[in-house]
Amino acid sequence: MDYNHDVVSDLIQGSVARILAGLPQGVELVAAAKGRTPEEVLQAVQAGVKIIGENYVKEAKEAYQLVGRKAEWHFIGTFQKHNVRRNVLDIFDMVESVGSLEVAREIDRKCALMDKTMPVLIEVNSAGEPRKSGVLPKDLEQMVTEVSRLQNIKVMGLMTMGPVLATAEEYRPYFRETRTLFERIRRLELTNVEMRYLSMGMTDSYRVAIEEGANMIRIGAGIFGSPCQV
Ligand SMILES: *Cc1c(COP(=O)(O)O)cnc(C)c1O
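If you're matching positions, the sequence shown starts at 2 in our numbering and goes up one per residue.
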């Protein structure tokens with residue numbers, strides 16, 4: 002262990018402890034691990050993180066080799082149809098970023114071959130931004146209804162990123178909109194749909210997200226430091 006390793010380790014330990022101490026009961030922390038080494042991911046788990054969020058399959062596999070089942074694994078990146086593979090689905094306990102019916106169908110098809118049911122969150126493009134991943138609010142109800150008919154996938158809630166904004170407060174309307182959609186779909190009581198998780202909020206916005214009803218937050222920089230600093 003060199004000096005640098007200890008510094009990084011202390012940073013991760015301190016930030017995880019601080020975040021966990023400030024979370025209300027029932028809010029789950031996902032450590033967003035993109036761009037981090039497997040060792041950093043392991044340190045986050047040793048510091049108390051229970052869920053790792055991965056954007057990239059290659060990174061997920063590398064970190065998984067080291068960390069294994071010491072944590073749960075959530076996919077939070079953009080799934081292209083072609084990278085929905087069985088050996089990828091094997092790693093993940095949840096896919097938080099299902100943004101199209103096409104990807105939902107592909108996950109369902111592959112999971113059927115594996116005899117597995119994948120819990121998923123539907124990603125909402127809450128600001129209705131062009132070329133951004135996720136389902137538009139106006140299309141959400143129909144999308145969830147169609148996904149609910151798939152046998153090997155189970156909708157467990159919604160996820161949103163929101164636009165890239167300058168201040169936490171500016172995120173509030175998008176989080177509120179997503180919460181409203183979450184409640185509306187919950188009231189439909191669709192078969193095979195359990196609206197349990199509302200995943201929204203990142204390092205700069207998670208406090209506002211929790212105020213607006215998030216019970217799952219995804220934090221990267223706030224745990225691991227800014228990518229350029231470490
Ligand atoms: C990177 C990322 C996060 C975390 O962002 P930070 O600002 O580093 O906390 C959360 N969710 C997704 C989908 C991400 O890609």
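From the three backbone atoms N, C-alpha and C, an ideal C-beta is built for every residue, glycine too.
The structure presented is a predicted model; accordingly, all values stated were derived computationally and were not measured.
From residue i to residue j, what does the alpha carbon distance come to, in whole angstroms?
i: G27; j: N216; result: 6 Å
i: T179; j: V31; result: 19 Å
i: T79; j: M162; result: 12 Å
i: I154; j: A61; result: 21 Å
i: I220; j: A113; result: 32 Å
i: Y65; j: R177; result: 34 Å
i: P39; j: L151; result: 34 Å
i: I218; j: E73; result: 14 Å
i: L189; j: M196; result: 10 Å
i: L191; j: G158; result: 12 Å
i: I77; j: L21; result: 20 Å
i: L199; j: D91; result: 23 Å
i: T118; j: V125; result: 22 Å
i: I52; j: T204; result: 16 Å
With distances taken Cα to Cα, identify the nearest neighbour of residue i among the options.
i: V85; options: E73, S101 and A72; result: S101
i: E147; options: K62, G69, A22 and E103; result: E103
i: G214; options: V8, G15, L12 and L24; result: L24
i: A33; options: R208, E142, M201 and S149; result: M201
What first and last residue would you give for the beta strand (DSSP E) that runs through residue i?
i: E195; result: V194 to S200
i: G54; result: I52 to E55
i: L24; result: Element bounds for L24: n/a, residue is neither H nor E.
Near residue i, which residues of its chain fall below 6 Å by C-beta distance, leaving aside the five closest residues on each side in sequence?
i: R37; result: F225
i: S10; result: Q44
For residue i, collect the residues of the same chain with a Cβ closer than 8 Å to its Cβ; drop the 5 residues on either side in sequence, then sort them by chain order.
i: R187; result: M196
Could you please give the first and the last residue of the uninterrupted alpha helix (DSSP H) stretch that includes residue i?
i: E41; result: P39 to Q47
As an exercise, report each continuous beta strand (DSSP E) stretch of at least 3 residues that is fully enclosed by the segment 134–210, in chain order. 154–161 and 194–200
Taking the runs of the alpha helix (DSSP H) that are 4 residues or longer, which of them lie wholly in the segment 77–125? 87–90 and 102–115
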